[in-house]
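Taking it in order: structure first as structure tokens, then the write-up.
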Amino acid sequence: MQIEIKKLKKSFGSNLVLDGIDLTIEEGKTTVIVGQSGCGKSVLIKHIIGLLKPDEGGIYVKNVDITKLNHKNFSNILRDFGVLFQSAALFDSMTVGENVAFPLVEHTDFPPEKINGIVREKLAIVGLKGVEQLYPAELSGGMRKRVGLARAIALDPKVLIFDEPTTGLDPVMSDTIDNLIMNTQKHLSVTSIVISHDIPGTFKIAHRIAMLYKGKVVLYGGSDDFKNTKDPIVRQFLERRAEGPLQVEV
Amino acid sequence: MNKINGSFIGIFEYTGRKVTTFLEELGGIFTTFIQSIALFFVPPLRYKLFLKQMEFIGVESSFIVLLTGAFTGMVFALQTSYAFRLFGAENLIGPSVALSLARELGPVLTALMVTGRVGSAMAAELGTMKVTEQIDAMYTMSISPMQYLVTPRVISSMLMLPMLTVLFDFVGILGSYFMAVALLGLNGHRFINDTIYMVDLKDLYIGLLKAGVFGIIISVVGCHKGYFAEKGAEGVGKAATQAVVFASVSILIADYFLTAMLF
């Protein structure tokens, strides 16, 4: 499923966060969106999943502007989306099994045995076994992310969105999550959108990379385009330097 | 002169801002109420969520209501006995306690007790879900968080408050009977007969109607404050506190208007 973002603008009061974003998320590919904290990555994602409405511009899926859809039609589109939130956003009051089963219980008529089978299968895909009865509070950060991913793929979505999937994880766990993103993308042939600050991880998983700066896309291309670019903004970001055109707002 | 004018404008600006914020909040709460009720009629009906909330709001509040009701009835009988003894009208202790409980004290005190226990819990639970993105996650799974989280709480609260009020009234009258008959030496038969004679069923029904309205206030305010909580743990704490304060004050104000309209 291809997603086209056209001239997307969003302000919060006088703060212009997205300043006419043009970006095409290619079908069946992993697109990683990078940029400084506060550059509008999460705001962009929130527009795609309908948590925010743009001031101008649109987001087109199958040639339909999903920002203009009513609640019912947008809900139908959302069923093709799976989202892994930064905090995993697991439901505290439910067990791991109930969390993964939640979308299945709500959107299918499958009998409990079949749902339990799918839950075990999805948890196995993310490398977890025998954790169905645990509560989210009993899990480590990495396990929570994996359960979150299992829940996101429960309904076999066409688009997977990852909001900073490796933030707060150790390097080994980060790499494990990167492998999971790659494997999931390969096995389910999904269109993946990943927000990340992790440069090595980005080069590993991305088919396409988009860098945001001051509400605009400064560079969009493959890993080689980013490695070979002379753009001082992109270079400073990739080389993790404090000196340069990118400034930290204090 | 300019300074005085400036401070006057400042006062008006401040008052205007506060009034606008209050009206916006009131509008938001009313919208939450309308949405939550309207979504009750939209399938699917998740009856297990309703039963779970009824257990939490009703069954688990019954002990605290039992305790409050019994002691309210007892202390009321004790207080009225001093006054009625002055002119030999002890037989009015039963009716006056029963009337006060059915019309006012039952619904209001039950609602205030439940506000402290349930209203704050609703705000804290939904607030935590909001700031940890659980509500957003539910939305992205094409499930209406309002229908899943708020509707069962509002409907269950509306149904359980009258039941808790019946319990409060019954235990309160029992407490006053115990106080009047066992400790103050009044005739038990007369206590019951006078109470039945003086208290109309209408008194009880209107008290229960009030309790239903208070149930809506507690849950809608608690859910609204939690659902729109912001700024992490501090925001959740603030939402819980505001839910209790706003609901308690609203219950007392609503009680006045309901009494004026219904009796």
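Read top to bottom, the protein sequences are chains E and C. 1 is the number of the first residue of the first sequence in our numbering; add one for each residue after it. 1001 is the number of the first residue of the second sequence in our numbering; add one for each residue after it. We treat Cβ as the ideally placed atom computed from N, Cα and C, and that holds for glycine.
>> Would the region 178-194 of chain E count as touching the region 16-28 of chain E if we require 3 or more Cβ pairs under 8 Å?
In response: Counting Cβ pairs under 8 Å, three or more are found: they touch.
> Short check: CB of D22 (chain E) to CB of I48 (chain E), under 8 Å?
Replying inline: On the first sequence, position 22 is the one that residue 22 (chain E) refers to. On the first sequence, position 48 is the one that residue 48 (chain E) refers to. Not in contact: D22 (chain E) and I48 (chain E) (Cβ atoms no closer than 8 Å).
>> Within 10 Å of its beta-carbon, does I1029 (chain C) have 16 or more other beta-carbons around it, so buried, or fewer, so exposed?
In response: The residue you call residue 1029 (chain C) lines up with position 29 of the second sequence. Of the other Cβ atoms in all chains shown, 16 or more fall within 10 Å of the Cβ of I1029 (chain C); this residue is therefore buried.
> How many angstroms separate the CA atom of I161 (chain E) from the CA atom of L1262 (chain C)?
Replying inline: By one-based count along the first sequence, residue 161 (chain E) stands at place 161. By one-based count along the second sequence, residue 1262 (chain C) stands at place 262. The straight-line gap from Cα to Cα measures roughly 55 Å.
> Taking Cβ-Cβ distances shorter than 9 Å, what residues in chain C pair up with I49 (chain E)?
Replying inline: Numbered from 1 along the first sequence, position 49 holds the residue referred to as residue 49 (chain E). The contact set of I49 (chain E) on chain C, defined by CB atoms closer than 9 Å, consists of D1136, Y1139, T1140 in chain order.
>> Using CA atoms only, rank isn't needed, just tell me which of C:Y1227, C:V1114, C:T1259 is closest to D1203 (chain C).
In response: Here the question's residue 1203 (chain C) lines up with position 203 in the second sequence. Proximity to D1203 (chain C) across C:Y1227, C:V1114, C:T1259 peaks at C:T1259, based on C-alpha coordinates.
>> Just to make sure I have the definition right: I need the residues of chain C whose C-beta is within less than 7 Å of the C-beta of M78 (chain E). Which are they?
In response: Here residue 78 (chain E) corresponds to residue number 78 of the first sequence, with the count starting at 1. The question names Met, yet the displayed sequence has Leu at residue 78 (chain E). Under the 7 Å cutoff, chain C gives T1140, S1142.
> Do you know offhand how far A1254 (chain C)'s Cα is from E164 (chain E)'s?
Replying inline: By 1-based counting over the second sequence, the position of residue 1254 (chain C) is 254. By 1-based counting over the first sequence, the position of residue 164 (chain E) is 164. Each residue's Cα considered, the two are about 47 Å apart.
> Between G1106 (chain C) and K62 (chain E), what straight-line distance do the alpha-carbon atoms span, to the nearest angstrom?
Replying inline: Translated into positions along the second sequence, residue 1106 (chain C) becomes position 106. Translated into positions along the first sequence, residue 62 (chain E) becomes position 62. One C-alpha to the other measures close to 59 Å.
> With distances taken from CA atoms, which of C:Y1177, C:E1090, C:G1069 is nearest T1110 (chain C)?
Replying inline: The residue labelled residue 1110 (chain C) in the question sits at position 110 within the second sequence. Minimum Cα distance to T1110 (chain C) is reached at C:G1069.
>> Distance cutoff 8 Å, beta carbons only. Does T1021 (chain C) sit that close to anything in chain E?
In response: Reading the second sequence from its first residue, position 21 is the one you call residue 1021 (chain C). Answer no: the Cβ-Cβ gap between T1021 (chain C) and chain E never drops below 8 Å.
> Is the Cβ of P157 (chain E) closer than 8 Å to any Cβ of chain C?
Replying inline: Residue 157 (chain E) sits at position 157 when you count from the first residue of the first sequence. Chain C contact via Cβ: absent.
> Residues of chain C with a CB under 9 Å from the CB of D100 (chain E): which are they?
Replying inline: Within the first sequence, the letter at position 100 stands for residue 100 (chain E). Per the sequence presented here, residue 100 (chain E) reads as Val, with Asp not at that position. What V100 (chain E) touches in chain C: nothing, since even the nearest Cβ is about 12 Å away.
> Would T1015 (chain C) be called buried (16 or more neighbouring beta carbons within 10 Å of its own) or exposed?
Replying inline: Numbered from 1 along the second sequence, position 15 holds the residue referred to as residue 1015 (chain C). Exposed, by the Cβ-count rule.
> Between the region 235-248 of chain E and the region 1172-1189 of chain C, are three or more C-beta pairs nearer than 8 Å?
Replying inline: No, because fewer than three Cβ pairs between the region 235-248 of chain E and the region 1172-1189 of chain C fall closer than 8 Å, the two stretches do not touch.
> Any idea what DSSP makes of T108 (chain E), helix, strand or coil?
Replying inline: Here the question's residue 108 (chain E) lines up with position 108 in the first sequence. Of the three classes helix, strand and coil, the one that applies to T108 (chain E) here is coil, per DSSP.
> From L1049 (chain C) to L1252 (chain C), what distance separates their C-alpha atoms?
Replying inline: The count along the second sequence starts at 1 and reaches residue 1049 (chain C) at position 49. The count along the second sequence starts at 1 and reaches residue 1252 (chain C) at position 252. Their Cα atoms are separated by approximately 29 Å.
>> Taking the beta carbon of D1136 (chain C) as the centre, do at least 16 other beta carbons fall within 10 Å, making it buried, or is it exposed?
In response: In the second sequence, residue 1136 (chain C) corresponds to position 136, counting from 1. It counts as buried.
> Along chain E, which residues have their Cβ under 9 Å away from the Cβ of T1032 (chain C)?
Replying inline: Taking the first residue of the second sequence as 1, we reach residue 1032 (chain C) at position 32. Taking a Cβ-Cβ cut-off of 9 Å, T1032 (chain C) has no neighbours in chain E, whose nearest Cβ is about 16 Å from it.
> In chain order, which alpha helix (DSSP H) runs of at least 4 residues are fully inside the region 193-228 of chain E?
Replying inline: Unbroken alpha helix (DSSP H) runs of no fewer than 4 residues, entirely contained in the region 193-228 of chain E, are found at 199-205, 223-228, following chain order.
> If contact means a Cβ-Cβ distance below 9 Å, which residues of the region 78-97 of chain E contact chain C?
Replying inline: Across the region 78-97 of chain E, CB contacts with chain C closer than 9 Å involve L78, R79, F81, G82, V83, F85, Q86, S87, A88, A89, L90, F91, D92, S93, in sequence order along the chain.
>> Assuming contact is defined by CB atoms lying nearer than 8 Å, are A124 (chain E) and I115 (chain E) in contact in what I supplied?
In response: On the first sequence, residue 124 (chain E) is found 124 positions in, with the first residue counted as 1. On the first sequence, residue 115 (chain E) is found 115 positions in, with the first residue counted as 1. Not closer than 8 Å, so no.
> Run through DSSP, which three-state label would N99 (chain E) get?
Replying inline: Looking up residue 99 (chain E) in the first sequence gives position 99. When secondary structure is reduced to three states using DSSP, N99 (chain E) falls in the helix class.
> Would Y220 (chain E) pass as a contact of I233 (chain E) if the rule is Cβ separation under 8 Å?
Replying inline: One-based indexing of the first sequence puts residue 220 (chain E) at position 220. One-based indexing of the first sequence puts residue 233 (chain E) at position 233. Their beta carbons are not under 8 Å apart, which means Y220 (chain E) does not touch I233 (chain E) by this criterion.
> Looking at C-alpha atoms only, which residue of C:M1129, C:M1158, C:S1007 is the closest neighbour of M1146 (chain C)?
Replying inline: The residue you call residue 1146 (chain C) lines up with position 146 of the second sequence. For M1146 (chain C), the closest alpha carbon among the candidates C:M1129, C:M1158, C:S1007 is that of C:M1129.
>> In whole angstroms, give me the CA-to-CA distance for L1051 (chain C) and S1156 (chain C).
In response: On the second sequence, position 51 is the one that residue 1051 (chain C) refers to. On the second sequence, position 156 is the one that residue 1156 (chain C) refers to. Cα to Cα, L1051 (chain C) sits roughly 8 Å from S1156 (chain C).
>> Can you look up D1169 (chain C) in the DSSP assignment and give me helix, strand or coil?
In response: By one-based count along the second sequence, residue 1169 (chain C) stands at place 169. In the structure shown, D1169 (chain C) sits in a helix (DSSP, three-state: H, G or I).
> Over what stretch of residues does the beta strand (DSSP E) that includes K7 (chain E) continue unbroken?
Replying inline: Locating residue 7 (chain E) in the first sequence gives position 7, where the first residue counts as 1. From DSSP, the beta strand (DSSP E) with K7 (chain E) extends over 3-12.
>> I want to verify the contact list: residues of chain E whose CB lies under 8 Å from the CB of T1132 (chain C), in sequence order.
In response: Sequence index remark: in the second sequence, residue 1132 (chain C) carries index 132 (1-based). Taking a Cβ-Cβ threshold of 8 Å, the residues of chain E close to T1132 (chain C) are S87, A89, D92, in chain order.
> Going by Cα to Cα distance, which pick from C:E1025, C:I1009, C:A1038 is closest to P1152 (chain C)?
Replying inline: Taking the second sequence and counting its residues from 1, the one referred to as residue 1152 (chain C) is at position 152. Of C:E1025, C:I1009, C:A1038, the residue nearest in Cα terms is C:A1038.
>> Contact criterion: CB-CB distance below 8 Å. Does H107 (chain E) meet it with respect to chain C?
In response: Here residue 107 (chain E) corresponds to residue number 107 of the first sequence, with the count starting at 1. Yes, H107 (chain E) counts as interfacial toward chain C.
> For the region 49-78 of chain E, which residues have a CB atom closer than 7 Å to at least one CB atom of chain C, in sequence order?
Replying inline: The residues in question are I49, L51, S75, L78.
> Considering N183 (chain E), what are the terminal residues of the beta strand (DSSP E) in which it resides?
Replying inline: Mapped onto the first sequence, residue 183 (chain E) falls at position 183. No beta strand (DSSP E) holds N183 (chain E); the alpha helix (DSSP H) holding it covers 171-188.
>> For a minimum of 4 consecutive residues, which ranges assigned as the alpha helix (DSSP H) are wholly contained in the region 67-98 of chain E?
In response: Runs of the alpha helix (DSSP H) inside the region 67-98 of chain E: 71-78.
> How would you call F1008 (chain C), buried or exposed, if buried means at least 16 neighbouring beta carbons within 10 angstroms?
Replying inline: For the purposes of this step, residue 1008 (chain C) is taken as the residue at position 8 of the second sequence. Using a 10 angstroms sphere on the CB of F1008 (chain C), the tally of other CB atoms stays under 16, which defines it as exposed.
>> Can you give me the C-alpha to C-alpha distance between S174 (chain E) and G201 (chain E), rounded to a whole angstrom?
In response: Counted from its first residue, the first sequence places residue 174 (chain E) at position 174. Counted from its first residue, the first sequence places residue 201 (chain E) at position 201. Taking the Cα positions, S174 (chain E) is about 8 Å away from G201 (chain E).
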